[in-house]
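Residue numbers (the working numbering): 4 to 142.
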């Protein structure tokens with residue numbers, strides 16, 4: 004996807020193109036959203052900020068695309084699955100030029116850079132972690 008702004012990727016449109024429904028309902032305690040592979044539905048908590056909603060929907064779509072299910076897993080497998088979903092979602096939501104600009108505007112504040120990009124700190128952190136492994140912001 005070639006983006007010019009951080010808003011070009013629309014996770015709700017992406018979900019619709021995959022035949023995945025998004026329903027606002029209370030997911031289990033401690034979660035903001037949940038992918039239900041049996042009904043092909045993403046549940047999102049009511050009252051999320053716009054940037055939270057975009058990020059959790061993209062994250063849950065990543066679970067759908069990765070074929071993740073809610074089968075019992077150990078903590079290590081669960082952590083890897085969550086990291087993989089964060090990285091894929093971050094790749095959809097962020098572009099290198101936008102991240103560079105946000106980091107230039109807020110070089111000492113990850114929360115401010117994330118707010119500038121309209122993503123959560125978790126998504127920006129995942130993007131930065133993945134790109135640091137590849138050799139930097141341009142990769």
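Cβ coordinates follow ideal geometry from the N, Cα and C atoms, glycine included.
Predicted, not measured: the structure shown is a model, and the values here were computed from it.
For residue i and residue j, I'd like the C-alpha separation in whole angstroms.
i           : j           : result
residue 83  : residue 37  : 17 Å
residue 73  : residue 32  : 15 Å
residue 24  : residue 138 : 37 Å
residue 26  : residue 40  : 14 Å
residue 7   : residue 119 : With a pLDDT of 39 at residue 7, under the threshold of 50, the predicted position of this residue should be treated as unreliable, and no value is reported.
residue 22  : residue 128 : 29 Å
residue 28  : residue 132 : 31 Å
residue 116 : residue 108 : 7 Å
residue 85  : residue 67  : 12 Å
residue 81  : residue 17  : 24 Å
residue 134 : residue 102 : 11 Å
residue 125 : residue 104 : 18 Å
residue 47  : residue 112 : 28 Å
residue 45  : residue 87  : 18 Å
Identify every residue that forms a DSSP beta bridge with residue i.
i          : result
residue 39 : 44
residue 25 : 45
So what does DSSP say about residue i, is it helix, strand or coil?
i           : result
residue 134 : helix
residue 123 : coil
residue 52  : coil
residue 112 : coil
residue 97  : coil
residue 30  : coil
residue 11  : coil
residue 89  : helix
residue 78  : helix
residue 72  : coil
residue 16  : helix
With a threshold of 6 Å on Cβ separation, who are the neighbours of residue i within its own chain once the five nearest residues in sequence on each side are excluded?
i           : result
residue 5   : Since pLDDT at residue 5 reaches only 37, below the 50 mark, its modelled position is unreliable, and the value read off the structure follows with that caveat. Answer for residue 5: no residue qualifies.
residue 130 : 93, 97
residue 11  : none
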